[in-house]
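Each remark here refers to the structure printed beneath this line.
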Amino acid sequence: MSLKVAVIMGSDSDLPAMEPCLRALDRFAIPYEVHIISAHRTPAQAEAFASGAADNGFGVIIAAAGKAAHLAGVLAAYTTLPVIGVPIKTSMMGGLDSLLSMVQMPAGIPVACVAVDGGGNAAILAAQILALGDPALTEKLRVHKADMEQAVMEKDKKLQEARTK
24 MSLKVAVIMG SDSDLPAMEP CLRALDRFAI PYEVHIISAH RTPAQAEAFA
74 SGAADNGFGV IIAAAGKAAH LAGVLAAYTT LPVIGVPIKT SMMGGLDSLL
124 SMVQMPAGIP VACVAVDGGG NAAILAAQIL ALGDPALTEK LRVHKADMEQ
174 AVMEKDKKLQ EARTK
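Its first residue numbered 24, the sequence shown is counted upward by one per residue in the working numbering.
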């Protein structure tokens with residue numbers, strides 16, 4: 024059985040920012056579940072989900088939240104799985120509040136953190152973690168990087184051609 028990724032959002036308003044994450048997980052054919060769990064409004068559900076995540080076939084948890092953004096840290100407190108935080112952009116501080124809430128974790132409870140609204144990178148980081156035990160996923164990541172390289176080279180070629188005309 025391949026390990027799944029849990030994508031947990033603190034609110035349904037986080038879904039638009041997390042669509043790139045879901046598309047990337049689909050692109051790599053990584054099974055996942057998406058849930059709305061609030062660190063503050065449903066703390067018992069957060070504890071139950073994180074405590075049972077490994078036993079339920081998850082290998083990585085991605086947690087997206089804005090403002091106080093304690094979701095990733097709360098989930099990390101209840102699991103030994105890697106937790107990747109995605110700070111969500113807010114109207115008050117543009118996501119800086121969310122980012123600082125995620126990266127300022129106490130010793131012993133690490134949360135990896137990507138850029139504000141960086142759900143796509145969270146999915147790639149989750150894929151890289153899962154690929155440690157999955158050669159087929161490692162190959163998909165290699166192809167992904169080669170495709171990115173090719174796209175940049177094509178853009179440069181077009182730029183050089185336009186500049187020489």
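Ideal placement from N, C-alpha and C gives every residue a C-beta, glycine not left out.
Among the options, nearest to residue i - alpha-carbon criterion
i	options	result
A77	A150, K27, C136, A88	K27
S34	R64, R50, K188, I53	R64
F72	Y55, P54, I53, Y101	Y101
I31	A135, G156, V106, E172	V106
K163	I53, G131, S25, E42	I53
G75	L98, I85, S61, A130	L98
Range covered by the beta strand (DSSP E) that runs through residue i
i	result
A52	No beta strand (DSSP E) holds A52; DSSP gives it neither H nor E.
M32	27–32
V139	Element bounds for V139: n/a, residue is neither H nor E.
V134	No beta strand (DSSP E) holds V134; DSSP gives it neither H nor E.
Cβ neighbour criterion (16 or more within 10 Å) applied to residue i
i	result
V83	buried
H58	exposed
D37	buried
G80	exposed
A185	exposed
S121	buried
V137	buried
S124	buried
Close beta carbons around residue i, own chain, < 6 Å, minus the five adjacent residues each side
i	result
T103	none
S61	G33
M128	G96, V134
Close beta carbons around residue i, own chain, < 8 Å, minus the five adjacent residues each side
i	result
D140	A40, V109, P110, I111, K112, G118
Start and end residues, alpha helix (DSSP H) containing residue i
i	result
A95	94–100
A91	Counting along the chain, A91 falls outside any alpha helix (DSSP H), and DSSP gives it neither H nor E.
P105	Where P105 is concerned, there is no enclosing alpha helix (DSSP H), given that its DSSP letter is neither H nor E.
M176	158–186
A69	66–75
M125	119–126
Residues of its chain near residue i, where Cβ-Cβ distance is below 7 Å and the 5 sequence neighbours each way are ignored
i	result
I147	A47
A67	none
Short CB-CB distance (under 8 Å) between residue i and chain C
i	result
V139	No chain C appears in the structure shown, which is made up of a single protein chain.
Any non-hydrogen atom of the ligand NAD within 7 Å of residue i CB
i	result
I59	Looking at this structure, you won't find the ligand NAD or any other ligand, since it has none at all.
Q.
Would you call the region 90–106 in contact with the region 41–58, where contact means no fewer than 3 C-beta pairs closer than 8 Å?
A. no
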